[in-house]
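Number of protein chains: 2
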Amino acid sequence: MVTEDLDAVVDDWPDRIREGSLSAVARQAADLSLPDLVWVLERLRVRDRAIVFRLLPKSLAHEVFERFDDGLKGELFTSLRDDQVVSLFSDLDPDDRVHVMDELPATVAKKLLQGLSKHERELTAPILGYDRGSIGRWMSTEFVRVLEGQTVAAALMQIRQRGRDAETIYTVPVTDTAKRLVGVVSLRELMLADPEILVSEVMNEPISVTASEADETAARLCLDAQVLALPVVDKEDRLVGILTVDDAVRITAVAEEEDAARAGAMEPLGRPYLSTPVRTLVRTRVVWLLLLAVSAVATVGVLDHFEDDLAAVVTLAVFIPLLIGTGGNTGSQAAVTITRALALGDVRARDVGVVLFREVRTGAVLGALLGTLALGAISLVAVFVDGYTAEIGVVVAASMLAICTLAASVGGVIPLFAKAVKIDPAVMSTPFIATFVDATGLILYFVIAKLVLGI
Amino acid sequence: MVTEDLDAVVDDWPDRIREGSLSAVARQAADLSLPDLVWVLERLRVRDRAIVFRLLPKSLAHEVFERFDDGLKGELFTSLRDDQVVSLFSDLDPDDRVHVMDELPATVAKKLLQGLSKHERELTAPILGYDRGSIGRWMSTEFVRVLEGQTVAAALMQIRQRGRDAETIYTVPVTDTAKRLVGVVSLRELMLADPEILVSEVMNEPISVTASEADETAARLCLDAQVLALPVVDKEDRLVGILTVDDAVRITAVAEEEDAARAGAMEPLGRPYLSTPVRTLVRTRVVWLLLLAVSAVATVGVLDHFEDDLAAVVTLAVFIPLLIGTGGNTGSQAAVTITRALALGDVRARDVGVVLFREVRTGAVLGALLGTLALGAISLVAVFVDGYTAEIGVVVAASMLAICTLAASVGGVIPLFAKAVKIDPAVMSTPFIATFVDATGLILYFVIAKLVLGI
Numbered sequence: 001m002v003t004e005d006l007d008a009v010v011d012d013w014p015d016r017i018r019e020g021s022l023s024a025v026a027r028q029a030a031d032l033s034l035p036d037l038v039w040v041l042e043r044l045r046v047r048d049r050a051i052v053f054r055l056l057p058k059s060l061a062h063e064v065f066e067r068f069d070d071g072l073k074g075e076l077f078t079s080l081r082d083d084q085v086v087s088l089f090s091d092l093d094p095d096d097r098v099h100v101m102d103e104l105p106a107t108v109a110k111k112l113l114q115g116l117s118k119h120e121r122e123l124t125a126p127i128l129g130y131d132r133g134s135i136g137r138w139m140s141t142e143f144v145r146v147l148e149g150q151t152v153a154a155a156l157m158q159i160r161q162r163g164r165d166a167e168t169i170y171t172v173p174v175t176d177t178a179k180r181l182v183g184v185v186s187l188r189e190l191m192l193a194d195p196e197i198l199v200s201e202v203m204n205e206p207i208s209v210t211a212s213e214a215d216e217t218a219a220r221l222c223l224d225a226q227v228l229a230l231p232v233v234d235k236e237d238r239l240v241g242i243l244t245v246d247d248a249v250r251i252t253a254v255a256e257e258e259d260a261a262r263a264g265a266m267e268p269l270g271r272p273y274l275s276t277p278v279r280t281l282v283r284t285r286v287v288w289l290l291l292l293a294v295s296a297v298a299t300v301g302v303l304d305h306f307e308d309d310l311a312a313v314v315t316l317a318v319f320i321p322l323l324i325g326t327g328g329n330t331g332s333q334a335a336v337t338i339t340r341a342l343a344l345g346d347v348r349a350r351d352v353g354v355v356l357f358r359e360v361r362t363g364a365v366l367g368a369l370l371g372t373l374a375l376g377a378i379s380l381v382a383v384f385v386d387g388y389t390a391e392i393g394v395v396v397a398a399s400m401l402a403i404c405t406l407a408a409s410v411g412g413v414i415p416l417f418a419k420a421v422k423i424d425p426a427v428m429s430t431p432f433i434a435t436f437v438d439a440t441g442l443i444l445y446f447v448i449a450k451l452v453l454g455i
Numbered sequence: 001m002v003t004e005d006l007d008a009v010v011d012d013w014p015d016r017i018r019e020g021s022l023s024a025v026a027r028q029a030a031d032l033s034l035p036d037l038v039w040v041l042e043r044l045r046v047r048d049r050a051i052v053f054r055l056l057p058k059s060l061a062h063e064v065f066e067r068f069d070d071g072l073k074g075e076l077f078t079s080l081r082d083d084q085v086v087s088l089f090s091d092l093d094p095d096d097r098v099h100v101m102d103e104l105p106a107t108v109a110k111k112l113l114q115g116l117s118k119h120e121r122e123l124t125a126p127i128l129g130y131d132r133g134s135i136g137r138w139m140s141t142e143f144v145r146v147l148e149g150q151t152v153a154a155a156l157m158q159i160r161q162r163g164r165d166a167e168t169i170y171t172v173p174v175t176d177t178a179k180r181l182v183g184v185v186s187l188r189e190l191m192l193a194d195p196e197i198l199v200s201e202v203m204n205e206p207i208s209v210t211a212s213e214a215d216e217t218a219a220r221l222c223l224d225a226q227v228l229a230l231p232v233v234d235k236e237d238r239l240v241g242i243l244t245v246d247d248a249v250r251i252t253a254v255a256e257e258e259d260a261a262r263a264g265a266m267e268p269l270g271r272p273y274l275s276t277p278v279r280t281l282v283r284t285r286v287v288w289l290l291l292l293a294v295s296a297v298a299t300v301g302v303l304d305h306f307e308d309d310l311a312a313v314v315t316l317a318v319f320i321p322l323l324i325g326t327g328g329n330t331g332s333q334a335a336v337t338i339t340r341a342l343a344l345g346d347v348r349a350r351d352v353g354v355v356l357f358r359e360v361r362t363g364a365v366l367g368a369l370l371g372t373l374a375l376g377a378i379s380l381v382a383v384f385v386d387g388y389t390a391e392i393g394v395v396v397a398a399s400m401l402a403i404c405t406l407a408a409s410v411g412g413v414i415p416l417f418a419k420a421v422k423i424d425p426a427v428m429s430t431p432f433i434a435t436f437v438d439a440t441g442l443i444l445y446f447v448i449a450k451l452v453l454g455i
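Structure (structure tokens):
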């Protein structure tokens, strides 16, 4: 992948399209590797993307389409001719089909579903039966299964016969005759085994998920277990689908993007940055920014309340950004750590006691360290500069200790509470905690100042 | 995976170990699924983990070991008997072996390497020849390749014969007789093809990486291309190894953890939160916190400079946390967006002009919106409360506009500069930018205040 060349392509195609040299574009598109072609298309404007897409041979177009983010898929659909939409839709894997339907107006989605062949509709229906956010929405209903009572030779024969349309043939679920999952066998194990023995003799204990399980949990299980596919079962332990590793990767990538965005007080873009209009950038940011600004009005209230003390000792104002900045950073460190540990299943909401105890100690150590440094620095400055005194050093140092301890505790605990009441912990992370710590930190600062300075 | 039961196990085993009921622990361990067992072990204390590990049957112990984070692997090694270490080490995949060596003292690593059989040493040496951080360090040297001139039947026979030790047999690189990569063929394609035709007739264009490529770039290519394995070649395009999807997942997971940690101004833990000692938590956080606090001394300098103006209009101090908080949030939004876009390859350092133009507009729109709201609110308050005036409303509104525009631009551009000078962009993200924006934002605020209020 020579990136320089790809940049040239992104710059070049819109010009070619405007001069009408579509066949040149089509030739170049055919020469690119699939990931490169997807990369280039994602960077074009909506209109140009649709034009190039229509130039692609049908099978290539379908492969490209499958790799787009869901947001781009919906957008592209609305700019294609009806017959192209129908052909594309019926060629998608059943689970991808459901994700595209989620992006389209309900009436359009319904019409498309009705246009499918009976077989394809039957493959799609079970997926539509599960809630958004559950792994049932991501499972593939096109899979090969074998029976525990079959011989290895018979199982291999069956895989050869039915394997062409299956999503994968490398991890094969084993069931009893009632379709209940009893094991998993890899194609490698089948190929290396004695053809005359029974499948039950080579199969392994299955690691599986229920179709109603949260998609992120199931995806992480698939990746943690390092399997290429995970059987999906219904409540009666009957096999209903499989989750393949590429879908597990996609699910966690979307979840990571969401967590990263939320940690930065935004909604995820769901599409490449450069193909996102500025108004969409504003929309993903404005709600959180407003909400945080409104919460920050609490700091205005606190300072207004202590305005007389500020007027008496203006030097106190000088340390406000340092103190609340450090508090925000300490809170953010704890929040990021715990939010991630929650996402990975390393801590659960019920670990709140342990987490609090650990974070109080961590925050106190950090605060004591920074406070000591601040005391030393301010005492030194006090020798040379008017307005600074060792007492102010003591106020800043004690506030640093108090604020860091508070910030680490709040930062560690808030994500756990969020999880317990089923809010995305990432929403509650960095900026929210910083704003909360700002206001309470200022109260601590002025209370300590009044005590030490006697104002 | 019934999590409640696993919690009980984590609580129970240390007690059992202390009373000496090791056989009960061994029995329970054998009953757990592999991912569950790993989950439980990661949560035990170092000493208990080593004791349980020694109770496991050898093959299970090796499978468990492979799944630990690299940090835990090194720790465990030092608490095992020499013969166990030697057996474990020689049983590891060559690439995992190299990663464990990176965690051990050089003398120990060298001794272990010399203790390997000639064959295993030959498999390990090529991996050691590539730099840390390159994909060569992650490639598997145990792979099956087939020749373009072979028939499908002969290729299948070869896979059956040599496939037992190979990391994967599902994606098979195709080479010419000089070992140069010419294609890739999946086992599925081979199984479904006419056995008499040549491999060259069923193989596909290979997507490959050079062994010196950055590991994260190669891993993302593997995941984006949705392949189960990616051939790795040397500078002469000769096949030297393969990267499998599970290693690609592992590489990106480590990179994501690093980015998330850096975005929160920390070093990554590299291990589960609850098994991390508090002193390690402090260590991962203290350096960044200190660095940021020292940078925040700039804000003290700015406010000290404007102290007379603050004394003249104390009300100005009241809006400091709101303004710098909003600036920090706006900068963080832009920084998180661009850092992530960089990691995904959606923008490059050379896109700095486009990014700046987009972020200036986004920041200006957000600042204008928040500024207007602030002007309205303060004007309203000014009617009822002494000390607040419409002029102060104008100062805050204009500062909001200026600070948001500045923050979004700086937040968008700094990660690109970091990338250009080969610093991890995530290091430069949220807290660093917040601290920078704090100091410059305060200068803007006071300059605007002096202009509008004439102080």
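Protein chains in written order, with UniProt numbering: chain A, 1 to 455; chain B, 1 to 455.
We treat Cβ as the ideally placed atom computed from N, Cα and C, and that holds for glycine.
What residue from the options has the CA that sits closest to residue i's CA?
i, options, result
"aspartate 424 of chain B", "B/Val355, B/Ala255, B/Val394", "B/Ala255"
"residue 486 of chain B", "B/Asp82, B/Leu198, B/Phe436, B/Leu380", "One cannot answer for residue 486 of chain B here, as it falls past the ends of chain B, which runs 1 to 455."
"glutamate 216 of chain B", "B/Arg132, B/Ala29, B/Pro126", "B/Arg132"
"residue 485 of chain A", "B/Pro231, B/Val314, B/Ala364", "With chain A covering only 1 through 455, there is no way to say anything about residue 485 of chain A."
"proline 94 of chain A", "A/Asp386, A/Lys58, A/Lys118, A/Gly149", "A/Lys118"
"histidine 62 of chain A", "A/Glu391, A/Val38, A/Asp48", "A/Val38"
"methionine 139 of chain A", "A/Leu123, A/Gln150, A/Glu148", "A/Leu123"
"valine 286 of chain A", "B/Trp288, B/Pro126, B/Gly371", "B/Gly371"
"glutamate 196 of chain A", "A/Leu55, A/Pro57, A/Gly149, A/Arg250", "A/Gly149"
"valine 152 of chain A", "A/Arg45, A/Val199, A/Arg121, A/Leu274", "A/Val199"
"arginine 348 of chain A", "B/Ser23, B/Arg43, B/Ile17", "B/Arg43"
"phenylalanine 143 of chain A", "A/Ile159, A/Val100, A/Thr326, A/Pro14", "A/Ile159"
With C-beta atoms as the reference, is residue i less than 8 Å away from residue j?
i, j, result
"alanine 211 of chain A", "glycine 183 of chain A", "no"
"phenylalanine 68 of chain B", "leucine 104 of chain B", "no"
"glycine 355 of chain B", "isoleucine 338 of chain B", "Strictly speaking, residue 355 of chain B in this sequence is valine, with glycine absent from that position. Yes, they are a contact pair."
"threonine 362 of chain A", "leucine 406 of chain A", "no"
"leucine 190 of chain B", "leucine 156 of chain B", "yes"
"valine 394 of chain A", "leucine 373 of chain A", "no"
"valine 381 of chain A", "tyrosine 388 of chain A", "yes"
Can you give the Cα-Cα distance for residue i and residue j, rounded to whole angstroms?
i, j, result
"glutamate 257 of chain B", "proline 272 of chain B", "11 Å"
"aspartate 259 of chain B", "lysine 179 of chain B", "38 Å"
"arginine 340 of chain A", "lysine 111 of chain A", "41 Å"
"leucine 72 of chain B", "leucine 80 of chain B", "13 Å"
"alanine 219 of chain B", "alanine 343 of chain B", "12 Å"
"valine 297 of chain B", "leucine 322 of chain A", "7 Å"
"valine 10 of chain A", "valine 52 of chain A", "12 Å"
"isoleucine 403 of chain A", "glycine 367 of chain A", "7 Å"
"glutamine 114 of chain A", "glutamate 66 of chain A", "21 Å"
"arginine 283 of chain A", "alanine 418 of chain B", "27 Å"
"arginine 279 of chain B", "leucine 289 of chain B", "15 Å"
"leucine 369 of chain A", "isoleucine 448 of chain A", "18 Å"
"glycine 20 of chain A", "arginine 121 of chain B", "59 Å"
For residue i, does the three-state DSSP call read helix, strand or coil?
i, result
"aspartate 5 of chain B", "helix"
"valine 421 of chain B", "coil"
"alanine 407 of chain B", "helix"
"glutamate 262 of chain A", "One point to set straight first is that residue 262 of chain A is arginine, not glutamate, in the sequence displayed. Three-state result, arginine 262 of chain A: helix."
"residue 531 of chain A", "No answer is possible for residue 531 of chain A: it lies beyond the span of chain A, which begins at 1 and ends at 455."
"alanine 178 of chain B", "coil"
Per DSSP, residue i is paired with what?
i, result
"asparagine 204 of chain B", "B/Val184"
"serine 134 of chain A", "A/Ala214"
"proline 231 of chain A", "A/Ile242"
Any heavy atom of the ligand SAM inside 7 Å of the beta-carbon of residue i?
i, result
"threonine 284 of chain B", "The ligand SAM is absent from the structure shown, which contains no ligand whatsoever."
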